[in-house]
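> No gaps in the numbering here: position 262 of the sequence shown is 265 in the working numbering, and each next residue is one more.
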Amino acid sequence: MARLFIVVGDSLSGGGTVVSGSPFTDIDGSAMARVGDRVICKAHGPGTIVSGDTTLIIDGNPAARHGDKVSCGCQLIAGRQSLAFIEGGAAAAGTTPTSRPAPTTENRQSLSPPQRETLPPSRLSASGSAPGCWLEDHSKAVSTEAYNRYFVIYDAEGNEFDTEIPAKFSIRIPLRSSGEMDVVVKFKVEPEDGLTTDDVSAVKERLQTAVDRYWNGKHTLAVADPRCGERRFPIRHKVEWVDAGHDYTMRIAARQGRENVEGLIVNVSKETTAWTMAHEYAHCIDLPDEYTDNELAHEVVRYYRHDGLLDETEIIAVYVRPASDPDATILSTVDHATIRLRHAWPIAIEAQEFLTAQLGRTIKCTVV
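1) Run the CB neighbour count on A94, radius 10 Å, all protein chains shown included, and call it buried at 16 or more, exposed below.
2) Can you tell me the Cα-Cα spacing of H240 and S181, whole angstroms?
3) Buried or exposed, going by whether 16 or more other CB atoms sit within 10 Å of the CB of I30?
4) Would you check if the distance between the CB atom of G311 and the CB atom of D40 is smaller than 9 Å?
5) Can you tell me whether F190 is helix, strand or coil according to DSSP?
6) DSSP on R345, reduced to helix/strand/coil?
7) Rounded C-beta distance between V192 and M280? I'm assuming under 8 Å.
8) Around the Cβ of T200, are there at least 16 other Cβ atoms within 10 angstroms (buried) or fewer (exposed)?
9) Look up E356 in the DSSP assignment and say whether it is helix, strand or coil.
10) For N219, which option in R209, P237 and G17 has the closest C-alpha, if you only look at C-alpha atoms?
11) Taking I352 as the reference, give the member of L224, A320 and A340 with the closest Cα.
12) Quick check on the burial criterion: 16 or more other C-beta atoms within 10 angstroms. Buried or exposed for P349?
13) Which of the three DSSP states is assigned to V206 in this structure?
14) Where S204 and G248 are concerned, what is the direct C-alpha to C-alpha distance, given to the nearest angstrom?
15) Could you give the DSSP three-state label for Q361: helix, strand or coil?
16) List the whole-angstrom C-beta distance separating Y157 from E302, where the pair is believed to meet the contact cut-off of C-beta under 8 Å.
17) Use the C-beta contact count for S142: other C-beta atoms within 10 angstroms, 16 or more gives buried, fewer gives exposed.
18) Sorted by chain position, which residues of the same chain lie with C-beta nearer than 7 Å to G266's C-beta, five sequence neighbours on each side aside?
19) Which runs of the alpha helix (DSSP H) at least 4 residues long sit entirely within the segment 224 to 264? Give them in chain order.
20) Count the C-beta pairs between the segment 312 to 329 and the segment 71 to 87 that are closer than 8 Å, then say yes if the count reaches three, no if not.
21) Reducing DSSP to helix, strand and coil, say where Q84 ends up.
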């Protein structure tokens with residue numbers, strides 16, 4: 004019996020769509036979906052694919068097929084392509100078997116029609132890229148829901164929190180001009196009555212200093228294009244102050260309270276330290292706290308990797324994590340400066356999804 008493969012963009016029986024797939028393997032330009040890839044169900048919200056063909060492993064995970072299940076109980080509905088899998092191990096187009104090999108991590112090729120052109124080495128440019136590569140720089144304004152896209156949080160009993168956390172920032176990827184990739188957060192200030200222009204200027208300068216000290220020079224985005232090769236872009240975080248069109252409103256108080264980010268509001272004071280500014284900035288690029296306010300019970304944080312799959316690593320968020328703890332980070336421990344690769348995965352998720360859509364082929368973005 005032939006069953007159609009599922010790709011990004013295919014539907015669910017309850018409505019909704021498949022939103023993530025293999026970073027390496029596609030069918031006619033659409034990434035193949037696998038167990039663990041993400042879906043958005045209209046009836047039940049975000050979920051993951053939970054069943055697939057264990058005899059066909061696509062880049063580490065079983066391939067998803069028409070009729071396979073997702074975590075909410077709905078079924079996957081194929082319809083965007085016609086490549087099927089004959090149960091028993093043979094790939095087929097429609098119902099006719101072909102000799103096309105099953106993709107693995109050693110065989111990261113597109114499951115595209117045999118007539119698709121591939122460029123021989125003699126047609127590569129002097130830089131090692133095919134003609135027509137790296138033609139444009141790309142910019143995207145991100146405005147989405149961070150929770151269950153970048154991370155999830157569980158209580159000590161393993162129950163997932165039900166929350167909404169907005170994500171709003173911009174990315175600028177210089178594929179053509181090269182150089183640094185910009186992550187831009189735009190702030191509008193609302194100072195409390197009585198604060199002077201100098202007070203506000205000092206807060207602005209302190210935030211920029213904090214971003215430069217704690218966040219810049221820490222990560223690089225590697226962009227792998229199956230046609231053009233790979234380019235790498237150091238990630239530079241930039242703060243922009245605007246009167247309109249802002250991502251966040253920064254409210255500056257005269258007296259120090261507890262700093263936090265509530266929705267799209269950043270609460271600081273004229274006394275807020277540079278480290279605290281850097282910690283709160285992390286929430287503006289939609290990273291969660293890696294500590295808990297509950298003295299009696301821990302929480303668990305898990306991040307989505309740059310390939311869109313939920314990472315197996317569990318970050319145990321405790322009430323106090325000392326600086327001597329090897330797991331301490333800028334998000335868990337006061338005055339600690341450690342930043343992990345996972346703290347740039349949301350940027351890679353947005354870059355990969357955006358470039359794949361813009362270029363019309365599967366692009367892989369990783370953080371190094």
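All C-beta atoms in this analysis are idealised placements derived from N, C-alpha and C, irrespective of residue type, glycine included.
Looking at the atomic coordinates:
1) Its pLDDT being 49, under 50, A94 is placed unreliably by the model, and the measurement read from it follows with that caveat. Buried: at least 16 other Cβ atoms inside 10 Å.
2) 16 Å
3) buried
4) yes
5) strand
6) helix
7) Their Cβ separation, rounded to whole angstroms, is 13 Å, which puts V192 and M280 out of contact at 8 Å.
8) exposed
9) helix
10) P237
11) L224
12) buried
13) helix
14) 20 Å
15) helix
16) 7 Å
17) exposed
18) P169
19) none
20) no
21) coil
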